[in-house]
Amino acid sequence: MSKNIFSYAEFYGFLQALPDLGIVPEATARNLKESSLRLFNVTSPLPETDIRDLDVNEVVGDYKMFSSVDVSRATIQSYKSRLLSAIQKFVEFQQLKYGVVMESIPQEESVKPKRRKRVDGKHENALEAIKTFALPIPIRDGLILRIENMPMDLSFDEAERIATIIKSFAIK
Numbered sequence: 108m109s110k111n112i113f114s115y116a117e118f119y120g121f122l123q124a125l126p127d128l129g130i131v132p133e134a135t136a137r138n139l140k141e142s143s144l145r146l147f148n149v150t151s152p153l154p155e156t157d158i159r160d161l162d163v164n165e166v167v168g169d170y171k172m173f174s175s176v177d178v179s180r181a182t183i184q185s186y187k188s189r190l191l192s193a194i195q196k197f198v199e200f201q202q203l204k205y206g207v208v209m210e211s212i213p214q215e216e217s218v219k220p221k222r223r224k225r226v227d228g229k230h231e232n233a234l235e236a237i238k239t240f241a242l243p244i245p246i247r248d249g250l251i252l253r254i255e256n257m258p259m260d261l262s263f264d265e266a267e268r269i270a271t272i273i274k275s276f277a278i279k
């Protein structure tokens, strides 16, 4: 029997190596890896499971149900989007690595990444109107985290979003 190059075990190895592969920027690789592994931390498929057949909605549902942390809808959507992206990059990587030619896995319409708009000279005045400051946060002895461009009129929702992003990098 031939080895399944699209197995969960292969996908897990891909996630571990992703930051070093140079496929995507390091921060993106780290986000894809950490978000995917966080979802699989609650329940993970069998090592031989074909990752292309994975029901991402089921994985996300299991995470929401069994996670000990209360997670916002925005965070769940972000994790789902990152897992779909990681799976797509894995399938493309394996196809190139093994010379397999087949259709790419479909991505859900609702989770396609949106293009970021470039800021040109016209909008610079609008950006300058936003009052910001650098927020120093003492973390440990001798270590102060500094968050630049913190808006003076930061809303509670924006603060929650920032906190959620920072929490995603925490080690339990």
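Numbers 108 to 279, taken from the numbering used here, label the letters of the sequence shown in order.
All C-beta atoms, glycine included, are put in the ideal place defined by N, C-alpha and C.
By Cβ distance below 6 Å, which residues in the same chain neighbour residue i in space, the five residues on each side in sequence not counted?
i	result
Ile244	Leu252
Going by the CB atoms, is the gap between residue j and residue i shorter than 8 Å?
i	j	result
Ser142	Ser185	yes
Val178	Lys171	yes
Val198	Phe113	yes
Taking C-alpha atoms, which residue in the options lies nearest to residue i?
i	options	result
Leu191	Ile272, Asp160 and Asp248	Asp160
Thr156	Phe200, Asn111 and Asn256	Asn111
Lys274	Glu133, Tyr119, Phe118 and Arg145	Arg145
Per DSSP, residue i is paired with what?
i	result
Phe240	Met257
Asp157	Ser114
Arg137	Paired residue(s): none; Arg137 is not in a bridge.
Arg247	Leu250
With 16 as the cutoff for other CB atoms within 10 Å, does residue i come out buried or exposed?
i	result
Asn138	buried
His230	Low local confidence applies: a pLDDT of 46 at His230 is under 50, so the model's placement there is unreliable, and no value is given.
Val207	exposed
Lys187	buried
Ser175	exposed
Given residue i, which residues of its chain have a CB within under 8 Å of its CB, disregarding the five upstream and five downstream residues?
i	result
Gln123	Lys140
Arg268	Ala181
Residues in its own chain within less than 7 Å of residue i by CB, not counting five upstream and five downstream?
i	result
Gln214	Note that Gln214 scores a pLDDT of 47, beneath 50, so its modelled location is shaky and nothing firm can be said.
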